[in-house]
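Sequence positions in the sequence shown follow numbering that gives the first Met the number 0 and run 0 to 165.
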Amino acid sequence: MTGKTHAICGTITMLAVTATHFSGFQLDGHTYLPAIGLLTVVTGSYMPDIDIHRSKLGQQHKFISKHLTHRGITHTLLIPIILFVAMLMAAAAKIPVLPDLILGFNVGWVVHIIADLCNRKGVPLFWPFYRKRVHIATFLTSSWQEYVFIFLWLGVNVACVFFLLR
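(1) Leaving out five residues on either side along the sequence, give the residues of the same chain with a beta carbon under 7 Å from the beta carbon of Trp108.
(2) Going along the chain, which residues of its own chain have a beta-carbon closer than 8 Å to the beta-carbon of Asp27, five neighbours each way excluded?
(3) What are the start and end residues of each continuous alpha helix (DSSP H) run of 4 or more residues lying completely inside the region 50 to 128, in chain order?
(4) Looking only at C-alpha atoms, which of Ile72, Ile51, Thr73 sits nearest to Lys65?
(5) Mind reading off the beta-carbon distance from Arg165 to Val122? Whole number of angstroms is fine, and I expect it under 8 Å.
(6) Whole-angstrom Cβ separation of Leu163 and Thr19, contact assumed at under 8 Å?
(7) Work out the CA separation of Ala85 and Phe125 for me, nearest whole Å.
(8) DSSP puts Val133 in a beta bridge; with which residues?
(9) According to DSSP, simplified to helix, strand and coil, what is Leu37?
(10) Roughly how far, in whole angstroms, is the beta-carbon of Val41 from the beta-carbon of Ala6, given that I think they are within contact range, below 8 Å?
(11) Which same chain residues end up closer than 7 Å to Pro98 when comparing Cβ atoms and leaving out the 5 residues on each side of it in sequence?
(12) Do Cys8 and Trp143 have their beta-carbon atoms positioned less than 7 Å apart in this structure?
(13) When DSSP labels each residue in this structure, what does His29 get in the three-state scheme?
(14) Taking DSSP as the reference, what is the three-state secondary structure of Phe150?
(15) Going straight from the alpha carbon of Gln25 to that of Thr4, what length do you get?
This is the structure:
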């Protein structure tokens with residue numbers, strides 16, 4: 000998927016979370032406000048591709064991109080788990096706004112990985128426990144199929160919002 004697709008899908012998902020939990024949701028004694036996460040979801044959507052040398056992020060952070068392989072560690076569940084723990088720690092430390100910003104960033108990151116699961120190349124989702132790449136569909140990047148994917152992603156999110164708000 001292209002960067003724009005990742006950003007669009009991440010934003011759609013964060014808007015859906017915000018729509019269903021506008022006044023916030025409780026987790027571990029902290030009220031998270033998803034609307035604040037809208038500020039960081041696009042950045043989170045782009046971040047897994049920092050491992051591409053020719054990407055905008057890869058060019059800006061050459062030291063990082065030079066030492067990573069594309070669809071390696073940044074496309075596993077390891078980073079989202081670390082971000083989730085950081086979010087909980089920030090909430091426990093009662094740092095204002097930071098947990099909500101991390102939430103949006105993490106939603107963007109996870110949606111990026113899910114979108115790449117729908118590509119022929121797949122992702123090493125369960126690394127280091129399972130090193131093979133996993134994929135669940137084959138949408139071709141930079142083709143009409145990518146638009147179909149965005150439309151389907153929007154449909155699933157709208158259906159979730161409709162179901163949760165009933």
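Every residue, glycine too, gets a C-beta built ideally from N, C-alpha and C.
Considering the structure as presented:
(1) Gly43, Met46, Pro47, Ile78, Pro79, Leu82
(2) Residues Leu87, Ala90, Ala91 of the same chain have their beta carbon placed closer than 8 Å to that of Asp27, with the five preceding and five following residues left out of the count.
(3) 55 to 59, 61 to 65, 77 to 91, 97 to 116
(4) Ile51
(5) Wrong, their Cβ atoms sit about 33 Å apart, outside the cutoff.
(6) 4 Å
(7) 20 Å
(8) Val122
(9) coil
(10) 5 Å
(11) His29, Tyr31, Met86, Ala89, Ala90
(12) Taking 7 Å as the Cβ cut-off, Trp143 and Cys8 do not qualify as a contacting pair.
(13) Three-state result, His29: strand.
(14) helix
(15) 30 Å
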